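In the working numbering, the protein residues as written are 68 to 321. Since the structure comes first, as structure tokens, the remarks are kept for the end.
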Ligand SMILES: [Mg+2]
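Below, the structure is given as structure tokens:
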């Protein structure tokens, strides 16, 4: 395999895209592994949860999150309320029926751990910052303004990312092309001048494509590529040629 010397890390790759858009959760911010760590800590505080093996419970939590996040990301339900429901259901799976106050306590405990144990995807904030010295960076995310603004601050990217485009604010969630159109408007770029980087094949890759934006797939867990046209992909932000992989997707030959 050809290796890229460190000195060529930020080598020119032809014409730069005007706008590079990133997904937030599980692309820059390590949402899934933060969830897992918070769940481990919550199980320590509430031992009845341990009746379910950790990995099964983690998968179950991510499934419940998928099932309850829709109205939250569009600003139609509070995150606190959805979290309470998730923990009532998780407890029920472990054989415990909770009264609302107990579900609230459990959900609050989890949230406190989640905030304490937050982590970036390894290498991602540094790569985004490096890219931000060369072109404009935006984030397109299915979540609320407050939650994602706070995450950007935590990641040290508050002054790097502009625009931050959330489903809550726009009223459409990825993969709907309208949220990408909003990002292009706010980032002052044409679809052909932008690139979208994200971990979700449906939300980020297919969504970007439906808006005419060239996608780059962040395939961290090396899952098989779904059917369809080939897309540039990378598995780690710490790969020496990561910026070139991203930027090359924006050149006509990419
Ligand atoms: Mg994601």
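Even glycine gets a Cβ: it sits at the ideal position worked out from N, Cα and C. Note that the coordinates shown come from a computational prediction; the quantities given were computed from them, not determined experimentally.
Of the choices the options, whose alpha-carbon is the least far from that of residue i?
i           : options            : result
residue 251 : 275, 238, 265      : 275
residue 102 : 258, 284, 174      : 174
residue 151 : 125, 100, 141, 166 : 166
residue 213 : 229, 177, 142, 162 : 142
residue 147 : 168, 162, 127      : 168
residue 297 : 271, 219, 309, 283 : 283
residue 155 : 138, 122, 113, 120 : 113
residue 323 : 130, 263, 163      : In the structure as shown, the chain begins at 68 and stops at 321. Residue 323 is therefore absent and cannot be evaluated.
residue 236 : 210, 258, 261, 257 : 210
residue 200 : 186, 310, 316      : 310
residue 233 : 140, 264, 104      : 140
residue 176 : 108, 256, 160      : 108
residue 186 : 267, 299, 104, 84  : 104
residue 289 : 266, 255, 278, 172 : 266
residue 287 : 270, 295, 305, 277 : 305
residue 259 : 277, 268, 269      : 277
Taking the continuous alpha helix (DSSP H) assigned at residue i, which residues delimit it?
i           : result
residue 221 : 212-222
residue 288 : No alpha helix (DSSP H) holds residue 288; DSSP gives it neither H nor E.
residue 100 : 98-112
residue 254 : 244-254
residue 310 : 309-315
residue 295 : Counting along the chain, residue 295 falls outside any alpha helix (DSSP H), and DSSP gives it neither H nor E.
residue 132 : 121-140
Between which two residues does the beta strand (DSSP E) carrying residue i extend?
i           : result
residue 264 : 261-265
residue 231 : 228-233
residue 282 : 281-285
residue 272 : Per DSSP, residue 272 belongs to no beta strand (DSSP E) and is neither H nor E.
residue 88  : 86-89
CB of residue i to nearest heavy atom of ligand 1: below 8 Å?
i           : result
residue 91  : yes
residue 168 : no
residue 243 : no
residue 97  : no
residue 265 : yes
residue 133 : no
residue 94  : yes
residue 274 : no
residue 199 : no
residue 302 : no
residue 137 : no
residue 205 : no
residue 226 : no
residue 271 : yes
If we ignore side chains and look at the alpha-carbon of each, how far apart do residue i and residue j end up?
i           : j           : result
residue 196 : residue 134 : 33 Å
residue 170 : residue 89  : 34 Å
residue 273 : residue 222 : 26 Å
residue 96  : residue 153 : 21 Å
residue 87  : residue 181 : 28 Å
residue 217 : residue 303 : 24 Å
residue 220 : residue 92  : 14 Å
residue 249 : residue 281 : 16 Å
residue 253 : residue 228 : 12 Å
residue 179 : residue 307 : 35 Å
residue 301 : residue 163 : 42 Å
residue 120 : residue 247 : 39 Å
residue 204 : residue 242 : 19 Å
residue 124 : residue 157 : 8 Å
residue 225 : residue 191 : 14 Å
residue 132 : residue 99  : 11 Å
residue 83  : residue 230 : 18 Å
With a threshold of 9 Å between beta carbons, is residue i in contact with chain B?
i           : result
residue 284 : Given the protein chain composition of this structure (a single chain), no chain B is represented.
What do you reckon, is the C-beta of residue i under 8 Å from a heavy atom of ligand 2?
i           : result
residue 162 : Questions concerning ligand 2 fall outside what the structure shown contains, since the ligands it does hold are ligand 1.
Completely contained alpha helix (DSSP H) runs for the region 150-223, where each covers 4 or more residues:
With a minimum length of 4 residues, the continuous alpha helix (DSSP H) runs that stay inside the region 150-223 are 167-183, 191-199, 212-222.
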